[in-house]
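Asker: Here it is, the structure, as structure tokens.
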Amino acid sequence: MYICICNALTDRKLKDAIATSQSQCPEDVYAACGCRSKCGKCISLVTELLRDHGRSQEAAC
Ligand code: FES
407 MYICICNALT
417 DRKLKDAIAT
427 SQSQCPEDVY
437 AACGCRSKCG
447 KCISLVTELL
457 RDHGRSQEAA
467 C
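Spelled out as structure tokens, the structure:
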């Protein structure tokens, strides 16, 4: 399922990026995917994925 339409990022790609990187905030995840956020509508969903992986430390980003 596409999570980020602007960058054509699926939930699988985002989960893989989180699992194989040290991403702590959404911008880290986009960077791990070789892109950056554009419209920002997906940030809350990416934040949820980070939380699912026990990674979200938004204050550090
Ligand atoms: S949907 Fe992800 S930046 Fe627009």
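Position in the sequence shown (from 1) plus 406 gives the number in our numbering. In this text, a Cβ means the ideal position worked out from N, Cα and C, and glycines have one as well. All of these numbers come straight from a predicted model, not from anything done at the bench.
Taking the DSSP output, what are the residues bridged to CYS402?
Answerer: For the chain, the structure presents residues 407 to 467; residue 402 sits outside this window and is missing.
Asker: With 16 other CB atoms within 10 Å as the buried threshold, where does SER429 fall?
Answerer: Translated into positions along the sequence shown, residue 429 becomes position 23. Buried is the call here.
Asker: Taking 5 Å as the limit, name every residue whose beta carbon sits nearer than that to some heavy atom of the ligand FES, in sequence order.
Answerer: CYS410, ILE411, CYS412, SER443, LYS444, CYS445, LYS447 and CYS448
Asker: Could you tell me whether the Cβ atoms of ILE424 and HIS459 are closer together than 8 Å?
Answerer: Taking the sequence shown and counting its residues from 1, one reaches residue 424 at position 18. Taking the sequence shown and counting its residues from 1, one reaches residue 459 at position 53. In terms of Cβ geometry, ILE424 and HIS459 form a close pair [threshold 8 Å].
Asker: Enumerate in chain order the residues of its own chain whose CB-to-CB distance from VAL467 is below 8 Å, with the five nearest sequence positions on each side excluded.
Answerer: The residue given as residue 467 occupies position 61 in the sequence shown. The sequence given here has Cys at residue 467, not Val. Around CYS467: GLN430, CYS431, PRO432, GLU433 and ASP434.
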